[in-house]
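Enquirer:
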Amino acid sequence: MNDRVRNIVIVGGGTAGWLTAGLLGARHKDRGPNGLSITLIESPDVPTVGVGEGTWPTIRKTLARIGLSETNFLVKCGASFKQGSRFDRWVTGSDEDSYLHPFELPVSQNGTDMLRAWQKFAPEKSFAQALCVQSAPGLQNLAPRQRSMPDFVGALNYAYHLDAVKLAEMLRTHVVETLGIIHISDHVTDINGPKDGDIKSVTTRENGDIEGDLFIDCTGHRSLMLGQHYGVDFIDQSHVLFNDRALVTQVPVDETDAIRSETISTAHEAGWIWDIGLTCRRGVGCVYASKYMSDERAEEVLRDYINDKELPVRLLKFQSGHRTHFWHQNCLAIGLSAGFLEPLEASAIVLVELSAEMLAENMPVSRQTMSVEARKFNEIFKYRWARIIEFLKLHYVLSQRTEPYWVDNRKSETIPQRLQDNLDVWTYRPPSQYDFEQNSEVFPASSYQFIVYGMGMKPAIHPTLEPRIQAAIQQQMQNVVKKQRAFAAGLPTNRALLAGLQKQSTQRKSA
Ligand SMILES: Cc1cc2nc3c(=O)[nH]c(=O)nc-3n(C[C@H](O)[C@H](O)[C@H](O)COP(=O)(O)OP(=O)(O)OC[C@H]3O[C@@H](n4cnc5c(N)ncnc54)[C@H](O)[C@@H]3O)c2cc1C
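Start counting the sequence shown at 1104; every next residue gets the next number (this note's numbering).
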């Protein structure tokens, strides 16, 4: 087979580039004449985005597959445990307005019975608190696991908050040293190949032309190959997701301060603020729509939130949207080069993981099979981008806030039809797995349940439960309370567990 796919060239060394290199390298370990050669080129001149601190639980499997130790990762990346997101002031804007989107599933499989039981036995509690073990009031500063548990295993489902720059550095060292990835620090100046055919090579400033069979575009917003070389169109989604700027800062913390287990997302007059606790700082960012808020006002809102007038802030501009397709000819875009939707619910890194996983699993053997794999990839990922857009929009549609930004967010012309149709049926029944078509949905039905009921939707269902089911669900709900108490009493705090791991790592180094 002379058109065998053997040389993979990844351009870009941000989170997307290094995670992709790690997942491909770990799955295809043979670097001999019959194996894959994987080269990553990153420009010393173009910085990475350097934000992206919230992740999704898939990241545990990803890091384990790449072969990282969880302790090393937590210590080196200043990371902490994330057990979900908390949304403050999204519904009415009042001080009491707060709900959770935890990572654990609600307790029962039958959504309608579950809603009836919630209304019958615990109407005073929130949906998450009544039905999810991860939502007890005492859990917010606790780790999801004991120190004695094996790497990547938890008593509760979890992801991480992390320093994205340090993660890229750690991945770079690990994949080059242990997975045999070739690393070239150089700037790509040209893409060589016809616009209607395959890319043959990329020209670098110092290392000449680097040839490849498959090119992975991880060049961030520049989208050097898919966007600039091939001109694959960008579908702008800013009429649905209005935010286009983030003003970010880092707030130092004391090493005894509690570390929150949730990303705290606090709504403001024209957007929201993320607040992410790491071991030695908080990452805070004010996300807003420039049509509704000036940069000066955003800075006021951010500084009020962090209660500080001096800390440096950095402005990032973005546009919510994605390319019409992601794999074109012999070029696949992963990461910001494929698209970006605003940072709510941290959907970007998970899409990188899913893209790299699918490529690693379905790696085309020859140029002929590449077109088939590309078609499948594009179908699946078009679906995923569309569902994420709907899920993010859901957070805005159910708000009752009255500022112009929020009122406009509820206008029917800004709401995707499929989301509107779903909202119509969810008036009568809960979001169910049959509303979604893929086996591995980025946001499953339970995520929608936490948002719609967290935001106060009251389903019009009859509260009567069949006696046998009633007894079973009542028992499950009592178990939720028992487990919530047991976790609150038995789990260490984030700070204590992470400090213990740090100490262990320092002792090992000095031994
Ligand atoms: C405000 C904001 C908040 C975010 N928050 C989150 C979050 O909480 N969770 C989450 O999952 N995601 C988040 N993201 C997204 C996340 O930051 C990105 O998805 C992630 O960092 C991947 O970026 P990337 O690697 O695609 O691009 P980049 O980080 O931009 O990396 C691009 C790479 O391409 C290289 N490059 C560019 N041009 C050339 C060239 N000519 N030659 C060679 N190399 C080149 C650069 O040197 C760099 O290495 C956020 C994004 C923004 C803007």
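For glycine and all other residues, C-beta sits at the position ideal for the given N, C-alpha and C.
#1: CB A1373 to CB E1173, shorter than 8 Å?
#2: Quick one: Cα of L1447 to Cα of W1159, how far?
#3: Mapping the DSSP letters down to three states, classify T1158 as helix, strand or coil.
#4: Could you give the residue range of the alpha helix (DSSP H) that holds F1176?
#5: Does DSSP classify M1104 as helix, strand or coil?
#6: Is the stretch 1338-1351 close to the stretch 1384-1393, with three or more CB pairs under 8 Å?
#7: Tell me where the alpha helix (DSSP H) around G1557 begins and ends.
#8: Once you ignore the five residues that flank L1122 on each side, which residues in its own chain have a CB closer than 8 Å to its CB?
#9: How many Å lie between G1424 and V1149 at the Cα?
#10: Does the Cβ of R1385 lie closer than 7 Å to at least one heavy atom of ligand 1?
#11: For my contact list, L1495 and L1444 are in at a C-beta cut-off of 8 Å; report their separation, rounded to the angstrom.
#12: Looking at D1312: is its Cβ nearer than 8 Å to the Cβ of V1108?
#13: Quick check on N1433: buried or exposed, where buried means 16 or more other Cβ atoms within 10 Å of its Cβ?
#14: In chain order, what residues of the same chain have a beta carbon less than 6 Å from the beta carbon of G1559, not counting five sequence neighbours either side?
#15: Grab me the residues of R1470's own chain with a C-beta within less than 6 Å of its C-beta, minus the 5 sequence neighbours each way, in chain order.
#16: Are the beta-carbon atoms belonging to I1622 and L1143 less than 8 Å from one another?
#17: Are the CB atoms of T1382 and R1192 nearer to each other than 8 Å?
#18: Between L1177 and the rest of its own chain, which residues show a CB-CB distance below 6 Å, the 5 nearest in sequence each way excluded?
#19: Using the Cβ count rule (16 or more neighbours within 10 Å means buried), how would you classify S1450?
#20: Say whether the stretch 1265-1282 touches the stretch 1120-1134, bearing in mind that this needs 3 or more beta-carbon pairs closer than 8 Å, one atom from each stretch.
#21: Please classify Y1202: does DSSP put it in a helix, a strand, or coil?
#22: Going by Cα to Cα distance, which pick from M1580, S1440 and F1553 is closest to G1498?
#23: Enumerate in chain order the residues of its own chain whose CB-to-CB distance from G1125 is below 6 Å, with the five nearest sequence positions on each side excluded.
#24: Does the beta-carbon distance from P1533 to L1218 come in below 8 Å?
#25: Alpha carbon to alpha carbon, how far is R1478 from R1611?
#26: Take the Cβ of Y1537 as the centre, count every other Cβ of all protein chains shown within 10 Å, and call the residue buried at 16 or more, exposed below.
#27: Since F1190 is in the beta strand (DSSP E), which residue starts that stretch and which ends it?
#28: Can you check which of these residues, L1405, S1515 and H1565, is closest to V1416 by C-alpha distance?
#29: What does a CB cutoff of less than 8 Å around T1431 pick up in its chain, not counting 5 residues either side in sequence?
Expert: According to the data block:
#1: no
#2: 12 Å
#3: coil
#4: E1173 to K1179
#5: Unreliable positioning characterises M1104 in this predicted model, as indicated by a pLDDT of 48, which lies under 50. A coordinate reading is not provided.
#6: yes
#7: A1548 to G1557
#8: T1165, I1169, L1274, I1452, V1455, E1456 and A1459
#9: 22 Å
#10: no
#11: 6 Å
#12: no
#13: buried
#14: V1194
#15: D1106
#16: The shown model of the chain, from 1104 to 1614, leaves out residue 1622, and the question about it has no answer.
#17: no
#18: L1604
#19: buried
#20: yes
#21: strand
#22: For the sequence presented, residue 1498 should be read as His rather than Gly. If we check each option's Cα against that of H1498, F1553 comes out closest.
#23: I1169, L1274 and V1278
#24: yes
#25: 49 Å
#26: exposed
#27: G1187 to D1191
#28: L1405
#29: Reading the sequence as shown, one finds His at residue 1431 and not Thr. Here the set comprises L1329, Y1333, V1335 and A1477.
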